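Participant:
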Amino acid sequence: MAIGLLLTMGLLVPPGAANAAPPPGESPAPDTVTLITGDKVTLNGKNAARVTPAKGREGTTFTQRVDEFGDVHVVPVDVNGMLRTHRMDPRLFNVTKLVRYGYGDAARPDIPLIVSGPAAGAAKVMDLPGIQGAAVRVDKATGLRAFSSAQRIWLDGPVVAMLDKSVPQIGAPEAWKAGYKGKNTTVAVLDTGIDATHPDLAGAVVDAKNFTRSEHGADDYQGHGTHVASIITGQNAKYEGVAPDTSLLNGKVLDDHGVGSESSIIAGMQWAADKGANVVNMSLGSPMPSDGTDPLSTALNAITAKTGTLFVVAAGNEAAQPGHPGAADAALTVGAVDHDDQLAPFSNRGPRLGDNAIKPDITAPGVNIAAAKAAHGTIGTPVDDTHVRLSGTSMATPHVAGAAAILAGEHPGWKADQLKSALMSSAKPTAGLSVFEQGAGRVDVAKAVTQNVYASPGSLSAGVAQWPHNDDTPITKTVTYHNSGTAPVTLNLTADVRDPAGKPAPAGMFTVAPATLTVPAGGQADATVTTDTRINGPDGIYSGVVLAGALRTPVTVTREVESYEVTVNVVGFDGAPSNDHYVEFTDIDRARTVIKSDPSGTFVLRLPKGRFHLNSWISRDKHATAVIDEPEYLVTANSTLTLDARDGKPVSFEVDRPDARTGQVTLTFERKTSTPDGSRAYYHNANVTTFYVRPSKTTAPADQFRYTAEGLLAQQDANGSFDASPYLYHVHTETHGKVPDNLVTKATTSQLAKVRSEHATTTAATRYGVRDSMISKPLPYSLDEYYTPDVPWTGTFMQSENPDGYPAESEQYEYVPRTFELGQPATVRWNYGVFGPGFAVPYDRSAHRLGNEVSLLLGLFTDQGTGRVGWAPGTGTTELSRDGTRIGVIEGPAVGRLTVPAGPATYRLHTEFAPAHSMSTKVTADWTFASDTVPGNKPKALPLMAVKFAPSGLDGHNRAARALPTIVPVSVDHNSGGTAKAPAVQVSHDRGKTWKAVPLRTFGGKWYVVLSHPADAKSVSLKATAKDAEGNGVEQTVVDAFLLK
């Protein structure tokens, strides 16, 4: 296996091996993802990944890191060049997001891409002229051959929907009285479709097209699009839309679950513009912050420039920086306020990623908005039979789209920039909110239709001025004032800008000229805004507005904090500049990370003054990697840093067995920072690479830095394999404060805890069991293992018909670590039934809710071991209901996401799973549980339970003796950490045709049942029900739970 390297800011568990575990935390569910290169990555623990190179790529080196959002990135080094030159989308290697997006191997056999230029091995789906590219699909079985020939490659990522009094709130009735209701205008709604039969939308939809694979055409079987459409143009006395006379184009770009691909959305954008839409409403977007250079934003800018169509886009609901396409320059990006014009807590806010530009541009009502309910809609809080309430920037966006339609009806010749600028110029600001929270303010359509003067552009960004500031060059921007009236207008121009602390900016930093400007009737006049960051003041982001009477133009500039240039020279093992390296600086006090590499071996980083955790690696080839880590690197002046691979010392492990050789090495460098998780760098190899580590030159306090080294050792044969070894050593050491001078770890067998591990099979055919990605043997088998005592360890197991473990027939991942004591022999069993649902706690990723989205990745083939979650391939279906009403169906064994209505309710989750095994041939579970909207950005585990059975006396083929009673210990896993009451158990010996209750017994505070078997029985099936103190419950059935002999 090729080397895996992980540079991270998150809490880690090493991949693939039974390595020492960190303190418990939320763990992502394991899943396998095939990268664009054909390499397979398996997430098998919190922020941990196992990498299996594709055939012919066995010598490839992989870097791994965890970003500030907790996502695991795995990057083959041979694509670094394309990433560095922005020719390849980094999301293609964000394996956490790929799983979440539904691009894991369990979910689909291909990888959706957007490309420009040739892409050998890819099947074209559609042309995308808006970005001069095409949507393609790449078969995971072959990977994308010759991908380096493409000009640019993006992931065709999913985009999701962003979810009486609000229409009067923005002044629409006043505009109606003036005669403006959107007549002779067209608004395209790109969403989940529209229920054109809804009475509020009778006759409104003039054309429709389905860009998804939904079997329901452009109809709305989710509800989001219909709700949005009626906010724009609903015909209802009580719930009238903003622009009731506008016509609608229905572009279904999100499927019946509210999810769509970027390529489908780009195609929908082009279709809407080609159809002549004045305005396009896009209550959708990606939750990932964007700098505005992504495919959706690029397409939006290009289509706007070519057609003049205005795209009104939701800012997003993560209370974070806007994602795409809301980050696009040309987009009119909308945040959400409540009925008092106060910012909704979920509304995204700026500055924009990268250049600190102003986004969102404007706000509108988006909290508890009542509008039309689709006939087949599944979301929203009911108001009456045909209306529901929803909250989100999705609801704010159509208010602005409707306002734009009214304005377009008043000014038929206006294009996107004019509509956007006029709406921003007339917006009503909310006191106390910054321009990064509200843009220009809350949309005011009444003012927009009566105000003759507007300013363009709608906002100004002067960028980032580098420190020191005594030599800064003043930046001058032009604001053009337009007057559509019949009389000249004189404006008094001033600037009201605040420093990073909210105090007035120093005098002279922002200058507007002239102070008085007359704009002729039917004409325009220019003013200049000069930003002079030489003026002394606090460093940081300045923001405010240029005032021209009642007109407001948001403005910003960033005055860089004290920063210095660090010239980094990276030297390889041969003494020449390295072209294969990675350097990461994490600011200890600000928790910001800068990552850099350069094929020349030399580059310059600009870093703020302060303390940094420096971690870097330098690779020669698959046989040698040097790691240089400094716990406390100080930046106080311009400096030069040399990172020389030749300074590293080899890391090695020794035990008192002459034939023992090191097969895996795991190194961890952990530095506490201002964030709870701190900064961590993690490296893992598998019998290929020698690690060379340079003892650190800096020292941190002992409780602030920890270096750990772990080695797995076994008997190695002449071919370099460990598979014939009868033993496996797990050795751990750690040092605090710095990287030590001595990098050799020695241990004797007498110093280690002895464990006997037993590994079973689920079939009579020959199968292999892979333990900790180290040893693979025909099943069943046993091992003698030796562990450093009093250290928490976790392990993994895979069953496969192939020795390398792929494709896996079952996978078991241990999340709750265990410790072993010296002189206390233990036995650990892997792959022993009963296989069924399992939850490891603490654990929030198997089943959790965030906001109003339920995410499921259930381990329905978990073995009898505690603290584990297991998976197996198979078929199944999962259905979620709310208060008796079906929410949605997932075709598959409980892997997917579903949007649910806001607020508390009782849910029923039903799943059926048929794994491809001779035992646990059918697993069924019915969960009943209470759930409410989860605010913020931290998911909350759903209170699901799993009844676990651990029959004693099973042999290595998971068979019990038919002639003897079987004692079956019973336990309950609780996904959210609750306590279950005593379960009720039933048994069947005819594969579930008839059932018999069996008494639950207790011994030593633990539950068990005793089962006797008929002489003709071939297997035992088990059924159980359980409840917790809060009334949440489960009923589960496992057919052929274990076999009899």
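Quick note on this note's numbering: the sequence shown kicks off at 8 and runs consecutively.
Ideal Cβ placement from N, Cα and C applies to all residues, glycine included.
The structure displayed is predicted, hence computed values, not measured ones.
(1) Within a Cβ cutoff of 6 Å, which residues of the same chain sit near Gln328, ignoring the five residues on either side of it in sequence?
(2) Alpha carbon to alpha carbon, how far is Ser959 from Val1009? Give it in angstroms, no decimals.
(3) For Thr288, write down the residues that DSSP places opposite it in a beta bridge.
(4) Taking buried to mean at least 16 other C-beta atoms within 10 Å of its own C-beta, is Pro29 buried or exposed?
(5) Using a 10 Å radius around the Cβ and a threshold of 16 neighbouring Cβ atoms, would you call Asp587 buried or exposed?
(6) Suppose you measure from the CA of Val1041 to the CA of Gly387; what does that come to, to the nearest Å?
(7) On the DSSP bridge list, what partners appear for Thr770?
(8) Is the segment 285-302 touching the segment 331-338 in the sense that three or more CB pairs, one from each, lie closer than 8 Å?
(9) In this structure, does DSSP put Ala153 in helix, strand or coil?
(10) Glu637: buried (16+ other C-beta within 10 angstroms of its C-beta) or exposed?
(11) Please state whether DSSP places Asp1035 in a helix, a strand or coil.
(12) Which residues does DSSP pair with Ser626 in a beta bridge?
(13) Can Tyr820 and Thr803 be called in contact, C-beta distance under 7 Å?
(14) Tell me the DSSP secondary structure of Val907 in three-state form.
(15) Buried or exposed: which applies to Glu417, given that a residue is buried once 16 or more other Cβ atoms fall within 10 Å of its Cβ?
(16) Tell me which residue opens and which closes the beta strand (DSSP E) that Met805 is part of.
(17) Measuring CB to CB, does Val344 end up less than 7 Å from Val407?
(18) Hey, out of Lys679, Arg678, Trp1014 and Val1046, whose CA is closest to Gly999's CA?
(19) Using 8 Å as the cut-off, can you tell me whether the segment 945-955 makes contact with the segment 806-819, which would need three or more C-beta pairs spanning the two stretches below that distance?
(20) What is the DSSP secondary structure of His80, reduced to helix, strand or coil?
(21) Output the distance between the C-alpha atoms of Gly283 and Gly323, rounded to the nearest integer angstrom.
(22) Note down the Cα distance separating Asp666 from Lys1052, rounded to an integer number of angstroms.
(23) Can you find the residues in the same chain that come closer than 8 Å, C-beta to C-beta, to Lys1003, ignoring five residues on each side of it along the sequence?
(24) Below 8 Å, can you find three or more Cβ-Cβ pairs linking the segment 481-495 to the segment 435-443?
(25) Can you tell me whether DSSP reads Val798 as helix, strand or coil?
(26) In three-state terms, what does DSSP make of Gln722?
(27) Assuming Ile974 is part of the beta strand (DSSP E), what are its boundary residues?
(28) May I ask which residues mark the beginning and end of the alpha helix (DSSP H) holding Phe443?
(29) Quick one: is Leu42 buried, meaning 16 or more other Cβ sit within 10 Å of its Cβ, or exposed?
(30) Cα-Cα, which of Gly45, Lys62 and Thr393 is closest to Pro116?
(31) Can you list, in chain order, the residues of its chain with a C-beta nearer than 6 Å to that of Ala937? Leave out the 5 residues immediately preceding and following it.
(32) What does DSSP give as the partner residue(s) for Pro657 in the beta ladder?
(33) What are the boundary residues of the beta strand (DSSP E) that Trp474 is part of?
(34) At what residues does the beta strand (DSSP E) containing Ser433 begin and finish?
(35) Please tell me whether Ser463 and Ser428 are closer than 7 Å, where the distance is taken between their beta carbons.
(36) Name the DSSP bridge partner or partners of Asp298?
Facilitator: Reading it off the structure:
(1) The answer, listed in chain order, is Pro296 and Leu360.
(2) Note that residue 1009 is Thr in the sequence shown here, rather than Val. The alpha-carbon atoms of Thr1009 and Ser959 are separated by roughly 16 Å.
(3) Note on residue identity: the sequence assigns Asn, not Thr, to residue 288. Beta-bridge annotation (DSSP): Asn288 is paired with Val196 and Val319.
(4) Here Pro29 scores only 28 on pLDDT, less than 50, and its place in the model should not be relied on; the value that follows carries that caveat. By the neighbour-count rule (16 or more Cβ atoms within 10 Å), Pro29 is buried.
(5) Classification for Asp587: buried.
(6) 27 Å
(7) For Thr770, which the question treats as bridged, DSSP gives no partner whatsoever.
(8) yes
(9) Residue confidence for Ala153 is low, a pLDDT of 48 falling below 50, so the modelled location carries little weight; the figure read from the coordinates is stated next. In this structure, DSSP gives Ala153 a state outside helix and strand, which the three-state scheme calls coil.
(10) buried
(11) strand
(12) In the DSSP output, where bridge partners are listed per residue, Ser626 has Thr632.
(13) Yes. Within cutoff.
(14) Coil, per DSSP.
(15) Result: buried.
(16) Thr803 to Ser807
(17) no
(18) Val1046
(19) By the criterion of at least three beta-carbon pairs nearer than 8 Å, the segment 945-955 is not in contact with the segment 806-819.
(20) Assignment of His80 by DSSP, reduced to helix, strand and coil, places it in the strand class.
(21) 27 Å
(22) If I take the Cα positions, the gap works out to 40 Å.
(23) Gln993, Val994 and Ser995
(24) no
(25) coil
(26) strand
(27) Thr973 to His981
(28) Val442 to Gln445
(29) Looking at its Cβ environment, which holds 16 or more other Cβ atoms inside 10 Å, Leu42 is buried.
(30) Gly45
(31) Thr913
(32) Tyr699
(33) From DSSP, Trp474 is part of no beta strand (DSSP E); its letter is neither H nor E.
(34) Looking at the DSSP string, Ser433 is not in any beta strand (DSSP E), and its letter there is neither H nor E.
(35) yes
(36) DSSP output for Asp298 lists no bridge partner at all.
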